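Trainee: Next up is a structure, given as structure tokens.
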Amino acid sequence: MNITDVRVFPVEEDKLKAYVTITLDHCFVVRDLKVIHGSTGLFIAMPAKKRKDGTYKDIAHPLNADTRSQMERVILIEYEKHLHQAQSGTLGPVAVELD
Numbered sequence: 507m508n509i510t511d512v513r514v515f516p517v518e519e520d521k522l523k524a525y526v527t528i529t530l531d532h533c534f535v536v537r538d539l540k541v542i543h544g545s546t547g548l549f550i551a552m553p554a555k556k557r558k559d560g561t562y563k564d565i566a567h568p569l570n571a572d573t574r575s576q577m578e579r580v581i582l583i584e585y586e587k588h589l590h591q592a593q594s595g596t597l598g599p600v601a602v603e604l605d
């Protein structure tokens with residue numbers, strides 16, 4: 507499985523820094539991943555749905571640590587590229603083809 511496209515949609519909130527959409531192998535899209543600034547730095551939160559009891563349950567998520575690390579690395583690299591582009595005057599969502 508390869509992430510073949512990353513789209514970054516920045517937001518102006520305290521801890522939430524961006525929403526991200528990824529495409530896997532040019533054929534499967536996962537929307538609403540989040541770039542969050544936590545106490546130890548940036549991390550990726552998977553898309554989740556609020557349950558009746560008020561807790562959240564991931565809708566989609568990696569099944570192992572290696573896959574999660576790979577996803578976080580690719581997404582955070584693209585997020586950092588977006589920040590650099592925004593500082594140089596290019597604003598808006600960033601779409602990146604990764605093949």
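This note's numbering applies: residue 507 is where the sequence shown begins, and numbers increase by one.
For glycine and all other residues, C-beta sits at the position ideal for the given N, C-alpha and C.
What you are looking at is a predicted structure, and each value in this text was computed from that prediction instead of being measured.
Could you check whether the region 547-567 touches the region 507-514, counting it as contact only if at least three pairs of C-beta atoms, one from each stretch, sit closer than 8 Å?
Mentor: Contact fails: fewer than three Cβ-Cβ distances are below 8 Å.
Trainee: Cα-Cα, which of P568, G544, E519 and E584 is closest to V526?
Mentor: By one-based count along the sequence shown, residue 526 stands at place 20. The shortest Cα separation from V526 among P568, G544, E519 and E584 belongs to E584.
Trainee: Taking Cβ positions, are P472 and A566 nearer each other than 9 Å?
Mentor: No answer is possible for residue 472: it lies beyond the span of the chain, which begins at 507 and ends at 605.
Trainee: Hey, out of L589, L522 and R557, whose CA is closest to S545's CA?
Mentor: To locate residue 545, count along the sequence shown from 1; it is residue 39. Here the closest residue by C-alpha is L522.
Trainee: In three-state terms, what does DSSP make of R574?
Mentor: Taking the sequence shown and counting its residues from 1, the one referred to as residue 574 is at position 68. Looking at R574 - three-state DSSP - the assignment turns out to be helix.
Trainee: Report all residues from its chain with a CB closer than 6 Å to the CB of P516; omit the five preceding and five following residues, and keep chain order.
Mentor: Along the sequence shown, one-based indexing puts residue 516 at 10. Counting only Cβ-Cβ distances below 6 Å, and skipping sequence neighbours, we find A524.
Trainee: If you draw a straight line from the alpha carbon of I542 to that of L548, how long is it in whole angstroms?
Mentor: The residue given as residue 542 occupies position 36 in the sequence shown. The residue given as residue 548 occupies position 42 in the sequence shown. Roughly 6 Å between the two C-alpha positions.
Trainee: Could you check which residue in T573, M577, H590 and Q591 has the C-alpha nearest to that of K540?
Mentor: Looking up residue 540 in the sequence shown gives position 34. Looking at the Cα atoms, M577 is the closest of the given residues.
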